[in-house]
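This note's numbering applies: residue 87 is where the sequence shown begins, and numbers increase by one. Glycine included, each C-beta is placed from N, C-alpha and C at the ideal position. Here is the structure we will look at.
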Amino acid sequence: MARKNLLKGFKRPKGITFEHGELNPNYGRFIAAPFEPGFGTTVGNTLRRVLLSSIQGYAITAVKITSYDADGVPHIVSSEFETIPNIVEDTLEVINNLKQIRLKLPEDVEQEVVLYEWKGQCSISSDDFARSGQVEVMSGGQPIMTLMAEARIEFEVQVDLGRGYVPSEVNEKYIEIIGTIPMDAIFSPVKKVKYAVEPTRVGQRSDYDKLVLEIWTDGTLKPEDALAEAAKIAKDHFSVFINFDESDVGIDEDLDEDDERIRQILNTPVEELELSVRSSNCLKNANIKTIGELTRKTEDDIAKTRNFGKKSLQEIKEKLKEWNLGLGMNDYSVLKNAVKLPPEKEDEDEA
């Protein structure tokens, strides 16, 4: 039986209605209908969970605070429990205020370290963090700290691309500035998601589902872009369950065992490497679909791909290494000797 016949008469939305918030550009309301009964909840709950947990964004992950005395002698504040000289607020309050800053960098930048310097009596807000480097601050007016007349302070702030919530203990492992204070980081640009399922009529039936999805973001990402990214993430995860084409089931029994092993691994979708969303998007933009296509690319080839940064390249090299593979592997004999499934993949195949 052809698979398309299984969906005969199956109601699915033909489009989606988007209502942008007139007073709040960071709010979007999306309506999709009709769904078969029950599918509105299935789709709505899936999108909500992905939106809240898996959308990439930027956050401050570490800060190095240096205070200078009247003679210009520097003093590095070593932890959030140490007082910053000539600052009204305690260090913990300053760190918590820094966490509230919502910011972003250009698409092709995954990390930025920015130096700020202030002196004399003044109040510092999040607006002052938009005046250096490539940082764009979206949460204007957020109070950070108050300087006394004798104050002279330097902040070295590390901004990273990430996903979800990452505690300071984890960020500490990736700090690139010596003598810094690691921070808890909330990378997600999605602040809130609500969905509701309402009945809708199609013909004589009124028991179909209408999905109403509401999304609030922090301004670093549009609600419609967040929804599109969430849908793509869900689609990529579900796609591994669709590999049931009968034409792929038959195996040539005359194939050499090593040759068959190579064919199997090199035809494996790149999704099996479990790359980050950014790296996966870059590979798709370059139309690289299988591990074999990826291993034939050189580092220079990969680097030419739009929005491909050094971190993404390093991630791909590390993932390929787990499979005993690498970039620039064009020689078949080399592939034959090098290709080997990771131990956990071996166990899965034997099971």
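Please state whether DSSP places residue i in a helix, a strand or coil.
| i | result |
| --- | --- |
| Thr132 | helix |
| Pro99 | coil |
| Glu240 | strand |
| Gln186 | coil |
| Val326 | helix |
| Thr303 | strand |
| Phe116 | strand |
| Ile272 | strand |
| Ala148 | strand |
| Phe125 | helix |
| Ile267 | strand |
| His106 | strand |
| Lys278 | strand |
| Glu408 | helix |
| Ala308 | A small fix is needed here, since residue 308 is Lys in this sequence, not Ala. Looking at Lys308 - three-state DSSP - the assignment turns out to be coil, as it is neither helix nor strand. |
| Leu247 | strand |
| Glu255 | helix |
| Leu297 | strand |
| Thr286 | strand |
| Ser292 | strand |
| Val195 | coil |
| Ser153 | strand |
| Ile319 | helix |
| Ile509 | The structure shown does not extend to residue 509, since the chain is modelled only from 87 to 437, so the question has no answer here. |
Round the Cβ separation of residue i and residue j to the nearest angstrom and send it over; I've been treating them as touching at under 8 Å.
| i | j | result |
| --- | --- | --- |
| Ile141 | Leu247 | Contact flag wrong, Cβ pair sits at about 11 Å. |
| Arg115 | Glu108 | Arg115 to Glu108, Cβ: 11 Å. No contact. |
| Ile173 | Ala237 | 6 Å |
| Asp214 | Gly395 | That belief does not hold up - the Cβ atoms of Asp214 and Gly395 are roughly 27 Å apart, past 8 Å. |
| Pro120 | Thr303 | Contact doesn't hold; Cβ gap of about 27 Å is too wide. |
| Ile151 | Ile210 | That pair is no contact at about 12 Å. |
| Pro42 | Tyr294 | It is not possible to answer for residue 42, since the shown part of the chain is limited to 87 through 437. |
| Gly265 | Ile162 | 5 Å |
Do residue i and residue j have their C-beta atoms closer together than 8 Å?
| i | j | result |
| --- | --- | --- |
| Val223 | Leu184 | no |
| Val298 | Ile117 | yes |
| Ala314 | Leu137 | no |
| Val252 | Val200 | no |
| Gln228 | Ser212 | yes |
| Val288 | Lys100 | no |
| Met231 | Thr147 | no |
| Leu352 | Ile377 | yes |
| Asp322 | Glu358 | no |
| Ala312 | Val276 | yes |
| Gly305 | Asn112 | yes |
Would you tell me roughly how many angstroms separate the C-alpha atoms of residue i and residue j, rounded to the nearest one?
| i | j | result |
| --- | --- | --- |
| Leu133 | Val279 | 9 Å |
| Ser165 | Thr177 | 8 Å |
| Thr127 | Val283 | 6 Å |
| Glu360 | Arg349 | 20 Å |
| Gly130 | Gln186 | 28 Å |
| Val326 | Tyr202 | 47 Å |
| Tyr144 | Val245 | 7 Å |
| Thr384 | Lys397 | 16 Å |
| Ile170 | Ser254 | 20 Å |
| Phe273 | Gly250 | 5 Å |
| Ile267 | Val256 | 12 Å |
| Ala271 | Arg135 | 19 Å |
| Glu300 | Pro160 | 49 Å |
| Glu379 | Val180 | 49 Å |
| Ile319 | Arg382 | 26 Å |
| Lys407 | Gln400 | 11 Å |
| Met415 | Pro355 | 17 Å |
| Asp157 | Lys190 | 37 Å |
| Ser153 | Tyr260 | 24 Å |
| Asp334 | Pro309 | Here the model assigns Asp334 a pLDDT of 43, short of 50, so the residue's position is not dependable, and the following value carries that caveat. Going from the Cα of Asp334 to the Cα of Pro309 covers about 39 Å. |
| Gln220 | Lys205 | 23 Å |
| Thr391 | Glu175 | 46 Å |
| Ser292 | Asn110 | 33 Å |
| Gly460 | Ser139 | The chain is shown from 87 up to 437; residue 460 falls before or after that span and cannot be answered. |
| Ile328 | Leu233 | 60 Å |
| Ser365 | Glu168 | 39 Å |
| Leu369 | Asp387 | 11 Å |
| Glu404 | Asn410 | 10 Å |
| Asn373 | Lys296 | 35 Å |
| Cys208 | Ala235 | 8 Å |
| Glu258 | Phe125 | 42 Å |
| Ala389 | Phe324 | 29 Å |
| Phe241 | Asp155 | 15 Å |
Does any residue of chain B have a CB that is nearer than 8 Å to the CB of residue i?
| i | result |
| --- | --- |
| Ile173 | The chain inventory of the structure shown lacks chain B, comprising one protein chain alone. |
| request: Run through the segment 199-235 for me and flag every whole beta strand (DSSP E) of 3 or more residues, listed as ranges in chain order. | output: 208-211, 229-233
Quiz item: Can you list, in chain order, the stretches of the alpha helix (DSSP H) that have 4 or more residues and sit fully within the segment 341-406?
Solution: Entirely contained in the segment 341-406, the alpha helix (DSSP H) runs reaching 4 residues are, in chain order, 343-352, 363-371, 377-381, 385-389.
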